[in-house]
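Asks: If you use our numbering, the sequence shown corresponds to residues 377 to 677, in order.
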Amino acid sequence: MRLIRSLCVTCLAVGVGASSSPPMVSFDAMAHRPLSFERMGLKTFVQTAWDNARQLAELEQSVEDWNAECIALSPADECKRRLIVLPLDERFDPPSGSFSRDHVQTGDKMSLPKDFWTAILTTQAPVPWLFQVSKLTSHEDDGETKNEDEDSSIVSSSNIQSVVQKCVGGAIDFRSPGNYVFLPHWMMLAMGLRPRDVVEVKLTTTTPPGSHVKLRPHTSEFLQIKNHQAVLETELKHYSALTQGATIPFDYNGKRWYFDVVDLRSAPRGERVPMAKVQDCDIAAEFVTAKDKLKNKKPRN
């Protein structure tokens, strides 16, 4: 049953052909790129999909075993899981009228398994519910070595670089399959994650409230918007928390804008912190020199 379910995950459609009848396309979970029935032929297509499903089933089993052992040895860790990463997409967009509508990629919300909802009810965790995602330093969990030359649109971006080991965010829902977490693209990029990487996710109640944040726009064009401060304050409401070093996106006027989180201060003492809550906090935001202006500055002799 696990193998069949993994085959279904492997064969999720990710591409559309140019013709009115799209070719049969599935996802190569090992190479992180589409499989094409027309290009590969039936035999190779089926064999590759089956091999991917088998390896994915083994990965799922190893993650499930680790979680079961962790809970058995330390019941207090019921709010912590190792999960397989997949990219969040528009299929997770909430219904019309919801606050996070049309902000799947321009917010910090992730799709989590229902175990975390159970943990929230059990621990009576205070709102906002925040979840810390930690990048594992090795791939010993799945027993395989990743190819550094793998082609992945998730990890290649000129706007966001991998610089952080942890990120904090909220939940868009709790309907992810038991061994999976779906993350927005910017969060995957910030931690250098690929589809099928394994991360550790835990419910956290220790993230301090933020009092001040410094953001670096990637382009000075954003600062030329007449009401750019108001735009910032509006779009920040879609982030439950911020992580220093991460690059977060906003959408405004038909364009996506990127901002580096340069500095974070906590309330009430203004101490520098790596992560801070934004939701339900009176946080002041300011801009520092835009990234394109820094590139244009000539070094002094």
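Beta carbons are placed, not taken as given, at the ideal position from N, Cα and C, and that holds for glycine.
Remember, predicted model here, so these are calculated numbers, not experimental data.
What number of angstroms, rounded off, separates the C-alpha of A660 from the C-alpha of V589?
Replies: If I take the Cα positions, the gap works out to 6 Å.
Asks: In chain order, what residues of the same chain lie with their CB nearer than 8 Å to the CB of R641, ignoring the 5 residues before and after it?
Replies: Excluding positions up to five away in sequence, the list reads G586, S587, H588, V589, E647, R648, V649 and A652.
Asks: Compare the Cα-Cα distances from T665 to each of Q600, C657, T610 and A643 and report the closest residue.
Replies: Considering only alpha carbons, the answer is Q600.
Asks: When the Cα of S596 is compared with those of L459, C446, L608 and K669, which residue comes out closest?
Replies: Ranking the options by Cα distance to S596, first place goes to K669.
Asks: Please report the residue range of the alpha helix (DSSP H) in which A495 lies.
Replies: Counting along the chain, the alpha helix (DSSP H) containing A495 begins and ends at K490 to T499.
Asks: In this structure, does DSSP put V654 in helix, strand or coil?
Replies: The answer is coil: DSSP assigns V654 none of H, G, I, E or B.
Asks: Terminal residues of the continuous beta strand (DSSP E) containing W633?
Replies: Per DSSP, W633 belongs to the beta strand (DSSP E) from K631 to S642.
Asks: Where does S487 fall in DSSP's three states?
Replies: Three-state DSSP puts S487 in a strand.
Asks: State buried or exposed for S616, treating a residue as buried only when at least 16 other CB atoms are found within 10 Å of its CB.
Replies: Result: buried.
Asks: Tell me whether T619 is buried or exposed, calling it buried when 16 or more other Cβ atoms sit within 10 Å of its Cβ.
Replies: By the 10 Å Cβ count, T619 comes out buried.
Asks: Between the Cα of G554 and the Cα atoms of E440, V539 and Y628, which residue gives the shortest distance?
Replies: For G554, the nearest C-alpha among the options comes from E440.
Asks: For K353, count neighbouring Cβ atoms within 10 angstroms of its own Cβ and tell me buried if that reaches 16, exposed if not.
Replies: Because the chain is modelled from 377 through 677, residue 353 falls outside the range shown and cannot be assessed.
Asks: What does a CB cutoff of less than 8 Å around L506 pick up in its chain, not counting 5 residues either side in sequence?
Replies: These residues qualify, in order along the chain: V544, G545, G546, L579, T580, T581, T583, S616, A617 and K653.
Asks: Could you check the C-alpha separation between I548 and H594 for me, to the nearest Å?
Replies: Those two C-alpha atoms are separated by around 27 Å.
Asks: Near E662, what residues of its chain come up, given a Cβ to Cβ distance below 6 Å and the 5 sequence neighbours on each side ignored?
Replies: Hits under 6 Å: K590.
Asks: When you compare each of S487, W426, N428 and Y628 to K602 by their alpha carbons, which one comes out closest?
Replies: Measuring from the Cα of K602, the nearest candidate turns out to be Y628.
Asks: Please list, in chain order, all residues of the same chain as A643 whose beta carbon is under 6 Å from its beta carbon, the five residues on each side excluded.
Replies: Hits under 6 Å: P585 and S587.
Asks: Could you give the C-beta distance for F635 and R570, rounded to a whole number, given that I count them as a contact under 8 Å?
Replies: Actually they are not in contact, since the Cβ atoms of F635 and R570 sit about 24 Å apart, beyond 8 Å.
Asks: In terms of residues, what are the limits of the alpha helix (DSSP H) holding C446?
Replies: That run of the alpha helix (DSSP H) goes L418 to L449.
Asks: Would you kindly work out how many angstroms separate the C-alpha atoms of M564 and P463, rounded to a whole number?
Replies: About 8 Å.
Asks: Name the DSSP beta bridge partners of R457, please?
Replies: Looking at the DSSP assignment, R457 forms a beta bridge with V577.
Asks: With a cut-off of 8 Å on the beta carbons, I'd call A566 and V539 a contact; round off their distance for me.
Replies: A566 to V539, Cβ: 7 Å. Contact.
Asks: Between D639, V557 and W562, which lies nearest to P489 when the distance is taken from Cα to Cα?
Replies: Nearest of D639, V557 and W562 to P489, Cα basis: V557.
Asks: Helix or strand or just coil, what does DSSP make of F598?
Replies: If DSSP states are grouped into helix, strand and coil, F598 belongs with the helices.
Asks: Tell me where the alpha helix (DSSP H) around V607 begins and ends.
Replies: Note, V607: alpha helix (DSSP H), H604 to L612.
Asks: So, with DSSP's three-state summary, where would you put L565?
Replies: L565: helix per DSSP, three-state reduction.
Asks: For the beta strand (DSSP E) that contains L591, what are its first and last residues?
Replies: G586 to P593 is the span of the beta strand (DSSP E), which, as asked, contains L591.
Asks: Got a sec: is the Cβ-Cβ distance from T494 to anything in chain C below 8 Å?
Replies: The chain labelled as chain C is not found in the depicted structure, where only one protein chain is given.
Asks: Below 7 Å CB to CB, which residues in the same chain sit around G638 once its five sequence neighbours on both sides are set aside?
Replies: This sequence places Val at residue 638; Gly is not what is there. Excluding sequence neighbours, V638 sits near K590, L591, R592 and V664.
Asks: Go ahead and label D658 buried or exposed: buried means 16 or more other beta carbons lie within 10 angstroms of its beta carbon, across all protein chains shown.
Replies: Exposed, since its Cβ has fewer than 16 Cβ neighbours within 10 Å.
Asks: Could you tell me the boundaries of the beta strand (DSSP E) in which S616 lies?
Replies: Neither: S616 is in no beta strand (DSSP E) and is coded neither H nor E.
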